[in-house]
Amino acid sequence: MTETQRIVVVGGGMVAHRFTEAMRDRDTEGRYHVTVLAEEPRAPYDRVALTSYFTGKDPDDLALGTPDLWQDPLVRLERDARVATIDREARTVTDKRGKTYPYDHLVMATGSYAWAPPMDGADLPGVFVYRTIDDVAALRIFVEERSKALGRVVRGAVIGGGLLGLEAAGALQELGATSTVIQFADRLMNLQVDEGGGHALSRLIENLGVTVRCNTATQAIKPDRNGRAGRLTFADGGEQLVDVVVFATGVRPRDELGREAGLTIGERGGIVVDDTCLTDDPDISAIGEVACIQGACIGLIAPGNTMAEIAVDRLLGGTSTFPGADTSAKLKLLGVDVASFGDAFAQTPGALELVYADPVAGVYKKLVLTDDARTLLGGILVGDASAYASLRPMVGSDLGADPAAWLLPEGSGERPSVELPDEAAVCSCNNVSAGAIRCAVNDEGCTDLAGVKACTKAGTSCGSCLPLVKKIMGAELEKSGIEVSNALCEHFDMSRAQLFSAIQVSELRTFSEIIERFGAGRGCDLCKPAIGSILASLYNEHVLAQDRAALQDTNDRVMANMQKDGTYSVVPRVPGGEILPEHLILIGKIAQDFGLYTKITGGQRIDMFGARLEQLPSIWKRLVDAGMESGHAYGKSLRTVKSCVGSTWCRYGVQDSVGMAIALELRYRGLRSPHKLKLGVSGCARECAEARGKDVGVIATDNGWNVYVGGNGGFTPKHAQLLVEDVDDETVFQVIDRYLMYYIRTADRLERTAPWQEEHEGGLEAIRQVIMEDSLGICADLDAHMARHIDSYEDEWKAVLNDPERLAQFTSFVNAPDQPDPSLAYVEQRGQRRPATPSERESGAVLIAPSTLEVRS
Amino acid sequence: MTTTASAPHDHTTRVAVCAYDRLTPDLGVAALVGDTQVAIFRLADGTVHAVQNLCPFSGAYVLSRGITGSKGDVPTIASPIYKQVFSLLTGECLVTMDKEPKPGLSTTLEVFAVDVEDGVVHITPPPPA
Ligand code: SRM
Ligand SMILES: Cc1cc2nc3c(=O)[nH]c(=O)nc-3n(C[C@H](O)[C@H](O)[C@H](O)COP(=O)(O)OP(=O)(O)OC[C@H]3O[C@@H](n4cnc5c(N)ncnc54)[C@H](O)[C@@H]3O)c2cc1C
Ligand code: SF4
Ligand code: FES
């Protein structure tokens, strides 16, 4: 056994993360220990997705990979540990605090810094760059504070009209500022698009309300009276008033450490490496944006990840070399579709250009082909980049007889279906080929998108390749005879969403009619509850109406939660967590009378455990008589609306969160859905109700409420995402009505809002369009459906108590209706009782027989 | 309500349990046959089936409260606790959900002979082993 070698990585960015992850994946013998020294105060995060920080994501959502990586005993991450010097002789590095780390191999992954041209006023308050979480956080705070102080819209300007500049302009708008993009070149994104594309792009950007100024050289930023950025002056004599300025004028490699250590530096900067990512010191590699490879530093994540993989491979004795960089790029700005790939500027000798332009629609598309007009070399897509995921991997492939078909608007005709060669790169961020995806399906047994993503990492960065990954996966599954089935079960071929529409359209109301018409056999424990839930959502009738009792799980059937010993728990509704002292006393009294175990739930209410089937009606009679009602703790339906105390008592509260929580709980109580629904309302941004962990979270602002959607606790926690901001009560109700109804109609069986929202085509943005802009024309229908639910609500338990036939179901034995299940046995613990364990039963230790105390009223 | 069966029974005799009309299609009931708990199901097609009420995977007496259904042509009952599915014809466990039964319990359910005479459901317990 050889000794563990020490690797030190300087820089904790995206490529450092990939290096560490790949090393831990592949170094199965534990040959290397990796220490990552990061200048930033946090673990590596997804810089590519930085802009999403403005759309409600918090820094944690940007985390890369799983946090387990940093717990690995062979990995050490030091945050806030900028490396100050490298000693190549001693093979050590020293951080800014003077701490020294010895290495056997050193990896430079220091990335780039945002470069701003030397200019007067570039250091004024109000001038920002856009590279790190700290940068964007500072920008956000500044804009928010200025907007409050000025009492008007903040004027923003972005200097630089490339990919990053446009993203920054979008971000300024997201923050409520106006934005102007100042571009030195004659068009936007001049590195990616040609003149025709540039025109189309300018129009699209202006449609978003961003002002575009091309051919403009900024000369200086002049201060206002208070010494903040106040105005821009241009070389042509023009001026513009500003409150905030963002520089997006390019990046420069952070090669200063390499320079000081005497490593060879490229002509235009960067630490020079060979195709194996080694510098001229065989103990030092450089990867990512800081590396000057094949003569250039590359400002994209895909080549950086490739370098990380190569460095790992080489350290483990492999032979891979850098294949050259794919510089394809797609703009990540909502509503503006721009992509460019391959030889976009037709520099290959003899290359032909095929152009389609629709100036009215703002669409410009160009394919670059070989001189025989068959092989794809590259292209530019502006206004409609839907073909990007399919076209990019086909660079170098034959496009078939009529390449022009690829340029037509989507849906206007059949796009030729071309089988991608195995070597075609599908996911360029993570360097995954079509072959690797096929292999994941055929050899690794992946049968869904989540499996393929986990197995290959395809689609886990920018996500632009996902449609194609899905397509290849589907085709492969079909070939191997596995139907990509979303059938509910053996009795129904349809998915839940399809069945929902089928039932709605056919207006069938009983299970027997539905299975006869749309299914086969007698049903099962999968399709019966699903149909029970659909019928309940559609017709707002009692869960046990008609033949429905037999469709329900025992929990819904008896309106209580079955516990491990076959008894049930009882949870009355406590809207918003606000409870009358009388109700507290009543619950205590019932628990005493029936010998029930009591516990406060995680949902701000009280659970009584150990009630037998035959006891449920008498327990509920007492609760209902006192004005309490079913809490639906058993249903796939609204559970609780958690609240914090809010402005009525809390010194920080800005709105009445309890009142809002109660209003929401009363509005949606009893609403049946594909899975359970939980809401939360917080009275201020401190978020004591943890509303963003809920399916719908409502958080008070000075001006109203922010509504977040798609949060989840449980096994895969997710924070809810911002849907609307600063809205009044009525709008809160309206958007939640529509969001929930749309979810109820289209989600899969047992699919909660978080995965539904994520898998929905187009994600939250598409959902927003459905419910805010009525893109499907169904809003009126959704509103009417919810209104029907609210009007027809009745307490399920009250209804059953009035119905002798249904009450007859609550008997222990058909031939001995009041005899308790003789198998039940309890022991005492902390002053209450709990089910006896098998060994306690065997030993006969302090058994309490089922309570026979029957307080019949 | 018909006769109850609280007296110790003789294994060869059938026991009247309840009126057929007391059974709702596809909604099971539990019955005490001597001190044995039996789960009885009237299916949509009118047939009546009886199996032990004890769920071998949880150790709780709950099968009467499960969901009836079919797997292929076999009528089934799914346990309400961990969702194992059993044949109502043979008691065989058709879907184990990758779980083992509790120690000492058999995966296969005991099946009881049932018949309906004069509108009354009768169970015949199996002879002692
Ligand atoms: C009683 C309670 C635990 C407690 O004593 O605090 C509870 C009990 C159960 N939870 Fe829960 N959950 C309870 C709060 C929660 C919470 C906290 C919350 O609501 O704020 C969560 C995380 C939030 C969330 O749902 O996003 C929670 C996430 C789960 C999950 C995971 C869901 C997921 O999306 O991953 C399950 C499993 C499932 O539903 O498939 C689950 C399933 C269950 C089941 C149904 C398990 C079962 O089948 O027996 C338990 C029902 C027991 C019963 O009879 O009442 N419980 N459960 C809580 C009832 C709250 C209430 O007043 O209604
Ligand atoms: C807003 C934005 C959007 C982007 N969008 C895309 C896109 O859509 N597609 C794409 O391909 N690329 C995109 N990029 C570029 C992409 O983020 C980078 O290519 C990638 O992050 C490079 O990774 P890296 O690890 O080389 O550098 P970085 O991620 O920059 O990481 C380098 C890290 O090293 C640290 N460091 C520097 N010096 C030291 C030192 N002496 N000691 C310790 N630590 C040090 C830095 O603080 C930094 O955290 C975008 C970048 C930004 C800012
Ligand atoms: S966390 Fe697990 S054990 Fe606890 S209540 Fe929820 S489901 Fe039951
Ligand atoms: S191409 Fe970016 S994640 Fe696949």
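Going line by line, the protein sequences match chains A and B. Taken in order, the first sequence gives residues 1 to 857; the numbers are from the working numbering. Taken in order, the second sequence gives residues 1001 to 1129; the numbers are from the working numbering. The beta carbon of each residue, even a glycine, is placed where N, CA and C say it ideally should be.
Could you check if residue 411/A is buried or exposed, using at least 16 other CB atoms within 10 Å of its CB as the buried criterion? Caution is warranted here: a pLDDT of 47 is assigned to residue 411/A, below 50, making its placement in the model unreliable, and no coordinate value can be reported.
Whole angstroms are fine: how far does the CA of residue 1061/B sit from the CA of residue 1112/B? Whole-angstrom Cα-Cα distance: 16 Å.
What is the DSSP secondary structure of residue 737/A, counted as helix, strand or coil? Three-state result, residue 737/A: helix.
Does any residue of chain B have a CB that is nearer than 7 Å to the CB of residue 814/A? Chain B, which has a Cβ nearer than 7 Å to the Cβ of residue 814/A, makes this yes.
Under 7 Å between the Cβ atoms of residue 556/A and residue 635/A? The Cβ atoms of residue 556/A and residue 635/A lie closer than 7 Å to each other.
Residue 1083/B touches chain A at which residues, Cβ-Cβ below 8 Å? Neighbours of residue 1083/B in chain A, taken as residues whose beta carbon is under 8 Å from its own, are 525 in chain order.
CB-CB under 7 Å to residue 1088/B, same chain, minus the five flanking residues each way: which ones, in chain order? Counting only Cβ-Cβ distances below 7 Å, and skipping sequence neighbours, we find 1041, 1049, 1051, 1075, 1076 and 1077.
Is residue 673/A helix, strand or coil when you go by DSSP? Looking at residue 673/A - three-state DSSP - the assignment turns out to be coil, as it is neither helix nor strand.
If you draw a straight line from the C-alpha of residue 364/A to the C-alpha of residue 6/A, how long is it? Here the alpha carbons of residue 6/A and residue 364/A stand approximately 52 Å from one another.
When the Cβ atoms of the segment 203-218 of chain A are set against those of the segment 133-152 of chain A, are three or more pairs found closer than 8 Å? Short answer: they don't touch.
Would DSSP call residue 62/A helix, strand or coil? Residue state, collapsed to three classes: helix.
Reference residue 1059/B, options 566/A, 231/A and 345/A, closest by Cα: Nearest Cα to residue 1059/B within the set 566/A, 231/A and 345/A: 566/A.
Can you check DSSP and say which residues form a bridge with residue 712/A? According to DSSP, residue 712/A bridges with 718/A.
Using the DSSP secondary-structure output, state which residues sit across from residue 1071/B in a beta bridge. Residue 1071/B is bridged to 1074/B.
Mind listing the chain A neighbours of residue 1022/B? Cutoff is C-beta to C-beta under 9 Å, in chain order. Neighbours of residue 1022/B on chain A, chain order: 808 and 814.
Below-7 Å beta-carbon distance, residue 562/A vs any chain B residue: Contact with chain B is found for residue 562/A, since one of that chain's Cβ atoms lies less than 7 Å from the residue's Cβ.
Residue 830/A classed as buried or exposed, judged by whether at least 16 other C-beta atoms fall within 10 angstroms: By the neighbour-count rule (16 or more Cβ atoms within 10 Å), residue 830/A is not buried but exposed.
Using a Cβ-Cβ cut-off of 7 Å (strictly less than) and excluding sequence neighbours within five positions of residue 563/A, which residues of its own chain qualify? Excluding sequence neighbours, residue 563/A sits near 569 and 609.
Residue 411/A - DSSP class collapsed to helix/strand/coil: A caution first: residue 411/A carries a pLDDT of 47, below 50, which makes its placement in the model too unreliable to give a value.
Along the segment 504-524 of chain A, what residues have a CB closer than 7 Å to any CB found in chain B? Near chain B, meaning a CB-to-CB distance below 7 Å, the residues of the segment 504-524 of chain A are 512, 521, 522, 523 and 524.
According to DSSP, is residue 54/A part of a helix, a strand, or is it coil? Residue 54/A: helix per DSSP, three-state reduction.
Could you tell me if residue 254/A is buried or exposed, where buried requires 16 or more neighbouring beta carbons within 10 angstroms of its beta carbon? Looking at its Cβ environment, which holds 16 or more other Cβ atoms inside 10 Å, residue 254/A is buried.
List the residues of chain B whose Cβ lies closer than 9 Å to the Cβ of residue 682/A, in chain order. Chain B residues near residue 682/A: none, gap ~37 Å exceeds 9 Å.
Would the segment 783-802 of chain A and the segment 575-592 of chain A be scored as touching if the rule is three or more Cβ pairs under 8 Å? At 8 Å Cβ cutoff, the stretches do not touch.
I'd like to confirm something about residue 174/A: is its beta-carbon nearer than 6 Å to some heavy atom of ligand 5, or not? Ligand 5 is absent from the structure shown, which contains only ligand 1, ligand 2, ligand 3 and ligand 4.
Would you list, in sequence order, the uninterrupted beta strand (DSSP E) runs of no fewer than 3 residues that lie entirely inside the segment 91-152 of chain A? DSSP runs (the beta strand (DSSP E)) wholly in the segment 91-152 of chain A: 92-95, 100-102, 105-108 and 112-114.
Spatial neighbours of residue 841/A in its chain, beta-carbon cut-off 6 Å, leaving aside the 5 residues before and after: Within the same chain, 825 come within 6 Å of residue 841/A by CB-CB distance, once the 5 residues on both sides are set aside.
Taking CB distances under 7 Å as the criterion, tell me whether residue 823/A reaches chain B. By this cut-off, residue 823/A is an interface position.
Residue interval of the beta strand (DSSP E) (run including residue 1099/B): From DSSP, residue 1099/B is part of no beta strand (DSSP E); its letter is neither H nor E.
Suppose you measure from the CA of residue 101/A to the CA of residue 246/A; what does that come to, to the nearest Å? Straight-line Cα distance between these residues: approximately 37 Å.
With distances taken from CA atoms, which of 660/A, 767/A, 724/A and 262/A is nearest residue 745/A? Cα-wise, what sits closest to residue 745/A is 767/A.
Through-space distance from residue 118/A to residue 879/A, alpha-carbon basis: Here chain A covers residues 1 to 857 and nothing more, so residue 879/A does not appear.
Quick check on residue 639/A: does DSSP put it in helix, strand or coil? In the structure shown, the three-state DSSP call for residue 639/A is strand.
By the 9 Å beta-carbon criterion, what residues does the segment 549-582 of chain A contribute toward chain B? Per Cβ criterion, the list reads 549, 550, 551, 552, 553, 554, 555, 557, 558, 562, 563, 564, 565, 566 and 567.
Is the beta carbon of residue 680/A sitting closer than 7 Å to the one on residue 657/A? No, the Cβ-Cβ distance between residue 680/A and residue 657/A is not below 7 Å.
Residue burial classification, residue 694/A (beta-carbon count within 10 angstroms, cutoff 16): Residue environment analysis places residue 694/A among the buried positions, since at least 16 neighbouring C-beta atoms fall within 10 angstroms of its C-beta.
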